[in-house]
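Shown next, in structure tokens, is the structure this report addresses.
There are 2 protein chains.
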Amino acid sequence: MPERREQIFTISELSKEFDITPRAIRFYEDKGLITPGRKGLNRIFSKRDRARLTLILHLKKVGFSLSDISQILDLYDIPDGQLTQGRVALLKFKDRITALEQQQVEIDLAIEKLKEGCEVIENHLAEQTERRDRSDTDGVIGFSVAPQPQVS
Amino acid sequence: MPERREQIFTISELSKEFDITPRAIRFYEDKGLITPGRKGLNRIFSKRDRARLTLILHLKKVGFSLSDISQILDLYDIPDGQLTQGRVALLKFKDRITALEQQQVEIDLAIEKLKEGCEVIENHLAEQTERRDRSDTDGVIGFSVAPQPQVS
DNA sequence: GTTCGCCTTGACGTTTACGTAAACGTCAAA
DNA sequence: TTTGACGTTTACGTAAACGTCAAGGCGAAC
Numbered sequence: 131m132p133e134r135r136e137q138i139f140t141i142s143e144l145s146k147e148f149d150i151t152p153r154a155i156r157f158y159e160d161k162g163l164i165t166p167g168r169k170g171l172n173r174i175f176s177k178r179d180r181a182r183l184t185l186i187l188h189l190k191k192v193g194f195s196l197s198d199i200s201q202i203l204d205l206y207d208i209p210d211g212q213l214t215q216g217r218v219a220l221l222k223f224k225d226r227i228t229a230l231e232q233q234q235v236e237i238d239l240a241i242e243k244l245k246e247g248c249e250v251i252e253n254h255l256a257e258q259t260e261r262r263d264r265s266d267t268d269g270v271i272g273f274s275v276a277p278q279p280q281v282s
Numbered sequence: 131m132p133e134r135r136e137q138i139f140t141i142s143e144l145s146k147e148f149d150i151t152p153r154a155i156r157f158y159e160d161k162g163l164i165t166p167g168r169k170g171l172n173r174i175f176s177k178r179d180r181a182r183l184t185l186i187l188h189l190k191k192v193g194f195s196l197s198d199i200s201q202i203l204d205l206y207d208i209p210d211g212q213l214t215q216g217r218v219a220l221l222k223f224k225d226r227i228t229a230l231e232q233q234q235v236e237i238d239l240a241i242e243k244l245k246e247g248c249e250v251i252e253n254h255l256a257e258q259t260e261r262r263d264r265s266d267t268d269g270v271i272g273f274s275v276a277p278q279p280q281v282s
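Structure, rendered in structure tokens:
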């Protein structure tokens with residue numbers, strides 16, 4: 131791989147670096163998320179492509195669909211001389227940010243719930259010798275000996 | 131015993147409350163995520179079922195698959211007298227928590243990226259009269275006038 | 001008694017996000 | 001020259017998470 135002044139990557143390099151299959155990368159191209167250049171038939175990826183790929187995978191991890199991601203990435207590629215679109219994009223960006231901040235809250239809640247769960251288990255482990263019976267409170271947590279309240 | 135009336139819900143009540151379809155709820159039951167009781171044919175949901183549903187939707191929002199969620203929920207229902215399983219569950223809980231905390235980091239990064247994007251756009255909007263040209267840095271951000279570096 | 005509304009259980013359809021297999025090009029080493 | 005690694009396109013397959021009928025039960029209302 132000859133090094134020009136701009137660093138480029140092959141598909142397999144990127145697939146190894148990000149631990150995804152080449153197929154996935156091609157799929158992202160099909161969906162327009164990245165548009166690598168070509169040298170003959172073969173794809174060549176610029177640093178920018180690589181950066182986009184990073185963002186794609188980040189956003190995927192936090193639950194965005196590829197079409198969501200596509201929209202977000204579109205916001206980064208605003209055709210020049212379209213300031214109105216710039217303003218629209220700005221709004222969309224901010225929407226996304228508030229959405230993500232909302233996600234933060236959700237995750238906080240989830241973490242809290244799981245930590246609750248940990249405590250319950252730890253108590254349970256601590257009170258091995260004792261017997262404790264508590265159920266059907268407001269929470270999800272509880273060790274169920276009996277099943278559901280079958281109202282037949 | 132004075133009649134201890136436990137609050138119950140119908141499928142349509144819950145579907146409206148959580149803004150999902152009854153089909154989704156039945157699907158979750160099929161997958162064993164919830165196990166509502168029956169009154170005749172009809173499902174009846176306890177407060178506990180409702181709480182589980184809440185957790186399911188929360189976890190879904192933060193990117194967990196239903197099978198992930200199933201595993202997490204399983205951790206809440208430990209058959210009594212299985213303390214070894216309790217310890218295992220505890221570990222799994224903590225794994226989940228660190229996973230979620232990792233997610234927090236990812237989202238922080240995504241938010242940061244988006245805020246960067248906002249700034250770029252805002253600058254772009256501010257310098258309407260001027261011309262600015264900067265591209266292919268390390269980041270994803272950049273207004274592309276020309277397409278990819280086609281090395282044919 | 002029959003219609004209405006809510007619920008049920010199949011069963012097949014759909015979208016997303018790839019996996020996988022086939023058939024082939026290309027280049028460099030053996 | 002053949003082999004092997006790496007790449008390509010085309011196309012069908014698949015798992016997840018439901019959506020969407022179809023056909024019907026059942027109690028309340030008219």
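Read top to bottom, the protein sequences are chains A and B. Just so we're aligned, residue 131 is where the first sequence starts under the numbering used here, counting upward by one. Just so we're aligned, residue 131 is where the second sequence starts under the numbering used here, counting upward by one. By construction, the Cβ of each residue, glycine as well, lies at the ideal position given by its N, Cα and C atoms.
Identify every residue that forms a DSSP beta bridge with Lys169/A. Asn172/A
Are the CB atoms of Gln201/A and Ile237/B within a distance shorter than 8 Å? no
Chain B partners of Arg217/A, CB-CB under 9 Å? Ile251 and Leu255
Report the rounded CA-to-CA distance for Ser142/A versus Leu163/A, giving the unit in angstroms. 18 Å
Contact residues within the region 146 to 159 of chain A, judged by C-beta distance below 9 Å to chain B: none
Going by the beta-carbon positions, is the gap between Ala240/A and Leu189/B smaller than 8 Å? yes
For Asp179/A, report the span of its alpha helix (DSSP H) as first-last. Lys177 to Lys191
Can you tell me whether DSSP reads Ile138/B as helix, strand or coil? coil
Using the three-state DSSP reduction, which class does Asp204/A fall into: helix, strand or coil? helix
Would the C-beta of Ala154/B count as close to the ligand GDP, meaning under 7 Å from any of its heavy atoms? Absence of the ligand GDP is noted for the structure shown, with no ligands found whatsoever.
Phe139/A: contacting residues in chain B (beta-carbon distance under 8 Å): Those within 8 Å of Phe139/A in chain B number zero; the least Cβ separation is about 12 Å.
Option in Ile199/A, Asp204/A, Leu185/A and Leu221/A with minimal Cα separation from Phe148/A: Leu185/A
Considering only residues of the same chain and omitting the five flanking positions on each side of Gln137/A, which have a CB-CB separation below 6 Å? Lys177
Between the beta-carbon of Ile174/A and the beta-carbon of Ala219/B, is there less than 8 Å? no
If you check the beta carbons only, do Gly170/A and Lys191/B fall under 8 Å apart? no
For Ile164/B, the first and last residue of its enclosing alpha helix (DSSP H): From DSSP, Ile164/B is part of no alpha helix (DSSP H); its letter is neither H nor E.
Report, in whole angstroms, the separation of the C-beta atoms of Glu159/B and Thr165/B, which I expect to be a contact under 8 Å. 7 Å
Are the beta-carbon atoms of Lys224/A and Leu205/A separated by less than 8 Å? no
As assigned by DSSP and simplified to three states, the class of Phe223/B: helix
Which of helix, strand or coil does DSSP assign to Ile150/B? coil
Which whole-angstrom value is the C-beta distance of Ile199/A and Leu244/B, which I expect to be below 8 Å? Actually they do not touch by this definition, with Cβ atoms about 12 Å apart.
Where Ser195/A falls: helix, strand or coil (DSSP): coil
What whole-angstrom Cβ distance do Leu230/A and Leu183/A have, given they're in contact under 8 Å? No, Leu230/A and Leu183/A are not in contact; Cβ-Cβ is about 19 Å, not under 8 Å.
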